[in-house]
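Enquirer: If you read the sequence shown in the working numbering, its first letter stands for residue 12, the second for the next number, and so on.
Input: one structure, supplied below.
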Amino acid sequence: MPDRDLGLDPADKVSAALRRMKDIGRERVEAAGAAAPGAKPQTAPGSSIGDRLNKSAGAFAALEAAVRKSRGDFVERLAQYRETLNQLDLENPDPRQTDASLELAMRIAHRIAGVGKTYGFGELGDVAREAETAISAYRTQRGSPELRAVSIARINRLARIIEDICSNPTTCPA
Numbered sequence: 012m013p014d015r016d017l018g019l020d021p022a023d024k025v026s027a028a029l030r031r032m033k034d035i036g037r038e039r040v041e042a043a044g045a046a047a048p049g050a051k052p053q054t055a056p057g058s059s060i061g062d063r064l065n066k067s068a069g070a071f072a073a074l075e076a077a078v079r080k081s082r083g084d085f086v087e088r089l090a091q092y093r094e095t096l097n098q099l100d101l102e103n104p105d106p107r108q109t110d111a112s113l114e115l116a117m118r119i120a121h122r123i124a125g126v127g128k129t130y131g132f133g134e135l136g137d138v139a140r141e142a143e144t145a146i147s148a149y150r151t152q153r154g155s156p157e158l159r160a161v162s163i164a165r166i167n168r169l170a171r172i173i174e175d176i177c178s179n180p181t182t183c184p185a
């Protein structure tokens, strides 16, 4: 798949930042000890850099777990959104049916656009925002066959990207 953003795991970024913070903390402790040979740094009990880093490590571990869970929940919803988009009747000649389908697609696009990038799916978020914008433009100028066609094309593109993400077993459950 060419340069498609299938989702960089934000939790991995948090883990890398946590490791870097621990390294910085160790460097500071070593530097404090080296500044005055034989002298201990003066800190209140329980407030050493190591203690603070351990507390930070716990907070980051909790954050990392929360990010992983939220991302997993989002990916599960993607599979549901994929099913819903696949069932829409966008080619129906009856405008009322098409409008109802477009309305549902717009709600899905809005939800994905709001958090896609946050969970590491940048391209998905961008395409969802484009679909939402196209549908909104069509809704303001009802009856425009050009805007209807653009809206449907954007929804289909969004569905294809979700399909690509969900076909990757590391990012989407079966």
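Beta carbons are placed, not taken as given, at the ideal position from N, Cα and C, and that holds for glycine.
1) Is the beta carbon of S162 less than 8 Å from the beta carbon of A145?
2) Examine the Cβ distances between the segment 148-168 and the segment 107-117 and report whether three or more of them are shorter than 8 Å.
3) So, is M12 buried or exposed, given that buried needs 16 or more other C-beta atoms within 10 angstroms?
4) Go to E134, then tell me how far its alpha helix (DSSP H) extends in each direction, as first and last residue.
5) Return the CA-CA distance between A68 and S81, expressed in angstroms with no decimal places.
6) For a test of the three-state rule: what should DSSP assign to G125, helix, strand or coil?
7) On the DSSP letters alone, give me the boundaries of the alpha helix (DSSP H) that P156 sits inside.
8) Apart from the five residues on each side of it in sequence, which residues of its chain come closer than 7 Å, Cβ to Cβ, to L89?
9) CB-CB under 6 Å to Q98, same chain, minus the five flanking residues each way: which ones, in chain order?
10) In three-state terms, what does DSSP make of K75?
11) Have a look at D105 and S112 and give me their C-alpha separation to the nearest angstrom.
12) Do you know offhand how far F85's Cα is from D110's?
13) Report whether the distance from the Cβ of S162 to the nearest heavy atom of the ligand ADP is below 7 Å.
14) Would you tell me roughly how many angstroms separate the C-alpha atoms of D100 and N167, rounded to the nearest one?
Expert: Judging by the given coordinates:
1) Here residue 162 is taken as the residue at index 151 of the sequence shown, counted from 1. Here residue 145 is taken as the residue at index 134 of the sequence shown, counted from 1. Result yes, Cβ atoms of S162 and A145 sit closer than 8 Å.
2) Yes, the segment 148-168 touches the segment 107-117.
3) Taking the first residue of the sequence shown as 1, we reach residue 12 at position 1. Interpretation of M12 is limited by its pLDDT of 39, a score under 50 that renders its predicted location unreliable; the figure taken from the coordinates is listed afterwards. Exposed, since its Cβ has fewer than 16 Cβ neighbours within 10 Å.
4) If you number the sequence shown from 1, residue 134 lands on position 123. Residues 133-151.
5) On the sequence shown, residue 68 is found 57 positions in, with the first residue counted as 1. On the sequence shown, residue 81 is found 70 positions in, with the first residue counted as 1. Rounded to the nearest angstrom, the two C-alpha atoms are 20 Å apart.
6) As a first step, residue 125 must be located in the sequence shown, where it is residue number 114. It is helical.
7) Translated into the one-based positions of the sequence shown, residue 156 becomes position 145. Note, P156: alpha helix (DSSP H), 156-177.
8) Mapped onto the sequence shown, residue 89 falls at position 78. I173, I176, C177, C183, listed in sequence order.
9) Looking up residue 98 in the sequence shown gives position 87. Contacts found: none.
10) The residue labelled residue 75 in the question sits at position 64 within the sequence shown. The sequence given here has Glu at residue 75, not Lys. Helix.
11) Numbered from 1 along the sequence shown, position 94 holds the residue referred to as residue 105. Numbered from 1 along the sequence shown, position 101 holds the residue referred to as residue 112. Taking the straight line from one Cα to the other gives about 11 Å.
12) The residue given as residue 85 occupies position 74 in the sequence shown. The residue given as residue 110 occupies position 99 in the sequence shown. Going from the Cα of F85 to the Cα of D110 covers about 26 Å.
13) With respect to the ligand ADP, the structure shown offers nothing to examine, as it has no ligands at all.
14) The count along the sequence shown starts at 1 and reaches residue 100 at position 89. The count along the sequence shown starts at 1 and reaches residue 167 at position 156. Those two C-alpha atoms are separated by around 12 Å.
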